[in-house]
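Protein chains in written order, with this note's numbering: chain A, 8 to 252; chain B, 8 to 252.
In what follows, a single structure is set out as structure tokens and then discussed.
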């Protein structure tokens, strides 16, 4: 009986997640982050106007976004922080207890291996792999690095939902295709290479750090140009004022 | 005379960059990345249709995007790879020779400090800072980590365009505000905290790794749900077929 209730609830969540628009989905991790922070500081409830000020979006946007999941908020009471956090966690898959491995334990792979981010988001790191014989067998955090030759065997015998790809660019494509063949559901790609895994069920999330740095450089450069243009206008104004004198 | 020509050219670039729409700007780092790869493998020119296949966007999109910078392509000849790369580099600020520092040399800060990404994008790392006395004075790559107490002095006496923020969350806000006060033009923010630097000229580019991981989890979860729904439909179809038999 209880099982049936649980499965019906799960089904309702599935249907809810299918109704949510991609734009809302893209904003959910940010809600997740802010709500977690509110829990951390012991807040039990929050009004949409207060949350809107905190997150720097309109209260109406927040109400619209959160209404997608049914009426979490109550007029004059606001949102129950823990309940909302729980619902958003479910939609985002945080409660699925996904298992992840890291392939490539260079500087970035090592930095990620010891980061609490996975644990904080319900993802459990289970193994690290590398090809370099001087690294294989070494301990990083609570893991002993395994040789990449064991990847097939490991993925066949263990649940691996996510693979973090931090290998050098030259082996990125091959590694991604191998992991997709092995049925890994998601690749978190830190290389600059883009993968074409159409025809597989594997989803790819790219973290193109270089692109992000470039966008920052562009914004700095554009602001430099804007300020310079303003100064030129100013000095032209000053000159024409001089003539008027 | 030559200086005047140069300055006129620079002015033309500035005006070009002001004309480009934000959507195009967001796509530029990706063009930059693909063109660099083409240069790496020795390609001199490429047609918009070939580039479109490579980048998995329509040829018409590519022509539209690149036309923003004036006629780089020639009918029947395609794009001159190096010329286009140079122009996009200019727009993105790669040729500005920006100087960057890293504040916070934990695992992630260290991983970034030894990454070729900066150099590859015309950004020069010049110093690393940390508060931990056991890290200050140690060498990371070609740098000796400096104490964060020296940040003010360093930023006043040296050109610092970009600060990479990889400090713990509790000191993130304070560090960002200090750097903005010091006139640093751009913050590359790897913390989960968002900064409000309105009223300053400082631009912020966030790398919310946790949000990216969450988006991947959501996509995996949604695909799981989609497959499960398909299987339920399939099994319902099979059942109704059985009844029909």
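Glycine residues also receive a C-beta, built at the ideal position from the N, C-alpha and C atoms.
Quantities reported herein were computed from a predicted structural model and do not represent experimental measurements.
- The Cβ of residue 106 of chain B sits no closer than 8 Å to any Cβ of chain A.
- Around the beta carbon of residue 175 of chain B, fewer than 16 other beta carbons sit within 10 angstroms, so the residue counts as exposed.
- Between residue 57 of chain A and chain B, the shortest Cβ-Cβ separation is not below 8 Å.
- Rounded to whole angstroms, the gap between the alpha carbons of residue 247 of chain B and residue 207 of chain A is 29 Å.
- A distance below 8 Å separates the beta carbons of residue 223 of chain B and residue 212 of chain A.
- Taking the Cα of residue 104 of chain B as reference, the smallest distance to any Cα among B:39, B:172 and B:130 is reached at B:130.
- Contact of residue 126 of chain B with chain A by beta-carbon distance below 8 Å is absent, the smallest such distance being about 11 Å.
- Residue-level contact by beta carbon fails for residue 66 of chain A and chain B, as no gap is shorter than 8 Å.
- The three-state reading of DSSP puts residue 131 of chain A in strand, counting E and B together.
- Distance from residue 171 of chain B to residue 109 of chain B at the Cβ level is roughly 4 Å; contact confirmed, criterion being Cβ atoms closer than 8 Å.
- Residue environment for residue 190 of chain B: exposed (fewer than 16 other C-beta atoms within 10 angstroms of its C-beta).
- Against chain B, the CB of residue 183 of chain A has no partner CB under 8 Å away; the residue lies outside that interface.
- Using beta-carbon distances, residue 142 of chain B does not count as an interface residue toward chain A, since no partner is under 8 Å.
- For residue 162 of chain A, no CB of chain B lies under 8 Å from its own CB, so it is not counted at the interface with that chain.
- In the three-state reduction of the DSSP assignment, residue 171 of chain A falls in the strand class, which pools E and B.
- Restricted to the stretch 164-237 of chain A, the beta strand (DSSP E) segments that are unbroken, complete and at least 3 residues in length are 169-172, 193-196 and 210-213, listed in chain order.
- Cα atoms of residue 70 of chain A and residue 92 of chain A: separation of roughly 15 Å, rounded to the nearest angstrom.
- Under the 10 Å beta carbon count, residue 51 of chain B is surrounded by fewer than 16 other beta carbons and is classified as exposed.
- Look at residue 146 of chain B here: in three-state DSSP terms it is strand.
- Among the CB atoms of chain B, one or more fall inside 8 Å of the CB of residue 230 of chain A.
- For residue 238 of chain A, the closest Cβ of chain B is not nearer than 8 Å.
- Straight-line measurement puts the Cα of residue 39 of chain B at about 25 Å from the Cα of residue 220 of chain B.
- Residue pairing for residue 110 of chain B: DSSP places it in a beta bridge opposite B:136 and B:172.
- Residues of the stretch 168-197 of chain A whose Cβ lies closer than 7 Å to any Cβ of chain B, in chain order: 168, 169, 192, 193 and 195.
- Between residue 150 of chain A and the set A:177, A:180, A:116 and A:183, the nearest pair of CA atoms involves A:116.
- Ranking A:63, A:199, A:68 and A:185 by CA distance to the CA of residue 43 of chain B puts A:199 first.
- At a cut-off of 8 Å between beta carbons, residue 226 of chain A contacts chain B.
- Taking a C-beta distance under 8 Å as the contact criterion, residue 192 of chain A and residue 210 of chain A qualify as a contact pair.
- For residue 32 of chain B, the closest Cβ of chain A is nearer than 8 Å.
- Membership of residue 33 of chain B in the alpha helix (DSSP H) is indicated by the continuous run 29-47.
- For residue 93 of chain A, the enclosing alpha helix (DSSP H) covers residues 88-99.
- One alpha carbon belongs to residue 128 of chain A, the other to residue 84 of chain B, and they sit about 50 Å apart.
- Non-local beta-carbon contacts of residue 45 of chain B in its own chain, meaning distances under 7 Å to residues more than five positions away in sequence, involve 53 and 88 in chain order.
- Residue 218 of chain B has a beta carbon lying within less than 8 Å of a beta carbon in chain A.
- The Cβ atoms of residue 218 of chain B and residue 37 of chain A lie closer than 8 Å to each other.
- Residues of the stretch 84-103 of chain B with a C-beta less than 8 Å from any C-beta of chain A: 98, 99, 100, 101 and 103, listed in chain order.
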